[in-house]
Every structure is written in structure tokens, then in C-alpha cells.
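Asks: Residue numbers (our numbering), protein chains in the order written: chain Y, 991 to 1214; chain H, 46 to 163.
Please read through the structure below; I'll follow up with questions.
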Amino acid sequence: MKRLLLAVGLAVACVGDAYAGGLDPSCAACHALVKPADASIDRLWTRKGPDLWYAGSKFNAEWLTSWLQNPKAIRPAGYPYFKSVMKGSDHDVPDPSKITPHPKLDKAAAEAATAALMALKAPADLLPPGTFKGDMAGARMGKLSFNKLRGCVACHQGEDGKGGFSGPELTDGGARLQPDFIAAYTANPQAFDPHIWMPKLTLKDQDIQRLTAYLSQLGRGGNP
Amino acid sequence: MKLQLMLTLAGAALMLTPTVGRADAPAKQLYETYCVQCHGLNRNGTGVNLPGLSVRPRDHTDAKGMGATPDDELFKAIKEGGLAVNKSVLMPTWGGVLTDPQITELVKYLREVCHCGS
């Protein structure tokens, strides 16, 4: 119990300014709001939710405010997936008893949380502005890469909602994520999330640009 | 004399156990972090991602198929991905995430899973 109180105390201390800016301290119980000092694989196994210390460079603010008021599962197999899957008849399946729904916020709380989260920026050496060069002409090849050539669909559900379960769904990835983040994270997931279960593929920058062009349109009402 | 021999053997076992434990635990943890998503909790190619895969992942419990695959090919498949060993692109390259020693340990772990030699 003492340990729990200490952890909560540390979490509150960690969010500090973020709390003052609109984040409930309970957020820090599941999300790292400052870059964790522990980069071990063991920490990955103790996580309850994705790190948010670079949330302001990851999410689109409009999507964030909307989602916090009506949260739907982004990761169909839970987070981390390996702690929330169970054996099924034909293949492993998500275990609903181990997947905790995200708390729902009212409009004012969602707006305040969004403002606080958007203030949490990734350092420029991790996510240089302009990582995505903005060429949307590569979206068609990006779609092909996602679904066939690079096999992203193995772990992520794509625009038609079909795909794997262990990664976040990308059906509305463009509405949710900033293009620079998509490009930088795809190029080197472990730079953001040490030991994360997404492989660091040997992709050329052209591949990254094309994939980003494709994914950044998903969920935005366009026709990729 | 017998008691002395038993104590010596027990001592040797205790000295050896932590080393074996350290070598085994990380490989199993690595498998459960990275491989289970496609190869499954049963290690037989029935992971949670199976619905998204056009090619069924390798059954690591298949003693015959795994036994016919040499260690260096398993190492290469993990490090450089399926295409490097004329298999599916859906087996990604893990060389950017795992070190060579970790991959070597994973290959040893696969041998335990398949109950088959190299």
C-alpha cells in the first residue's frame, strides 16, 4: 500500500505542470507523462498504457478532444498485447477481462487534457519537424506497401478495418496522428519506445514517405 | 564418501543454475514480447495476428519442419526477415531490435520449443 501511495505521489509530482494545465493525476497511473529513466524490457511488461510524454508531437488535437469524450479501443488486443491475449479455438484472441476501457471525460475535461497533452512535445532530435516531406503523391504506393510489400497489415488494421491485432488500428490513423510522427515512429519505433514489439524495418526514406502519405489520409474523409 | 559426492554435485548444480536461468529467461521473454503476436501462445503459428496474415506463421512446435531448418537459417530469418531465407515478407527483420546474442538465444529457445536438434 505504501508503495502504491509512493508511486501515486511520484506520478503526481511527475505530471506537475501538466496537472496544473488540465491533466488528472490518475492519467499518470497508466501513462508516462515524462520520459521514463527506465528503458528496460521489464518496464515494457509493467506498462498499462502507451507513453504520452511526446503526446503533443503524436496526436492531432481535434481527434484527441473528441476521443477522450468517446474513447474507443485503439489497440484491439489491449496494451501491451502480450498481457491481454488468450488461447482461442483457431488462434489467440483478446481477453476482454484483461482489457480496461479508457475513462470517458466530459467536454471541459477533454479540452483541458488535450491542451496539457499537446504541450508534451518530443525533442527535435527525436522527431525533427518536416520528417514527412508532405508529398502526397506517394499515397498509392504507400497503400501497396502497407497491405502487401512491407506487411504492415499483419499487425495493424488498415483502412477497411482488416488486419492484425497487436498494433494500434490505423483505420483512422490520419485523423489521429501527425504525419511527422507517423514517419519518425515508422522509421525507428524503438527510439520512442525502447523494446516495443513493432519491428524496425529496413525501409528507405522513400518507403517511409509513401507510407506516411497513405496513412495520414486515413480517417480524414479522403479517398486514399 | 557418497554423501560427499552428492554434496559436491548439489553444489555444482547450484552454481550452474543461475547461469542457465539467466540464459533461458530472457529468450522466453523475448519470444513472448515479439514472436507471440504472430506465432502464438502455443508457439504453433496461431497468434492473435493470424486474421491479418495471408501466410500462416511457422509452427515452432513442428519437430520435423523445424528440425530440417539449420540454426544459421533460423538466425538469418529472425535477423534479416523472411525474404532473406526465401520466405514471406510478413516475417519482419528483427535485427534492428534484437542483438546478435539475443537472436542466438532465441534460436536455442526455438530448439527447446520444437524438441528438435539443429
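All residues carry an ideal CB built from backbone N, CA and C; glycine is no exception.
(1) Report the residues of the segment 108-142 of chain H with a CB closer than 7 Å to any CB of chain B, ordered along the chain.
(2) Could you list the residues in the segment 1175-1201 of chain Y with a C-beta less than 9 Å from some C-beta on chain H, going in chain order?
(3) What residue range is occupied by the uninterrupted alpha helix (DSSP H) comprising Y:S1087?
(4) Which word fits Y:H1021, buried or exposed, when buried means at least 16 other C-beta atoms lie within 10 angstroms of its C-beta?
(5) Name the chain H residues that come within less than 7 Å of Y:Y1071, Cβ to Cβ?
(6) Identify every run of the alpha helix (DSSP H) within the segment 57-133 of chain H, keeping only runs that are complete inside it and at least 4 residues long; order them along the chain.
(7) For the 8 Å Cβ check, are there 3 or more pairs between the segment 1049-1058 of chain Y and the segment 88-101 of chain H?
(8) Counting only the same chain and skipping the five closest in sequence on each side, list residues whose C-beta sits under 6 Å from that of H:G66.
(9) Check the Cβ of H:E77 against every Cβ in chain Y and list those closer than 7 Å, keeping chain order.
(10) Establish whether the CB of Y:A1144 and some CB of chain H are separated by less than 7 Å.
(11) Hey, does Y:A1067 have any beta-carbon neighbour from chain H nearer than 7 Å?
(12) Since Y:A1144 and H:C83 should fall inside the 8 Å C-beta cutoff, what is the C-beta to C-beta distance between them, to a whole number of angstroms?
(13) Does any CB atom of chain Y fall closer than 7 Å to the CB of H:L151?
Replies: On the basis of the coordinates in this document:
(1) Annotation note: the requested chain B is absent from the structure, which comprises protein chains Y and H.
(2) N1178, P1179, Q1180, H1185, I1186, W1187, M1188, P1189, K1190, L1191 and T1192
(3) Element bounds for Y:S1087: n/a, residue is neither H nor E.
(4) buried
(5) Q82 and V93
(6) 81-84, 108-112 and 116-125
(7) no
(8) Per-residue confidence for H:G66 stands at a pLDDT of 38, beneath the threshold of 50, marking its modelled position as unreliable; the derived number appears in the next sentence. Cβ neighbours of H:G66 beyond the five flanking positions: none.
(9) F1072
(10) yes
(11) yes
(12) 7 Å
(13) no
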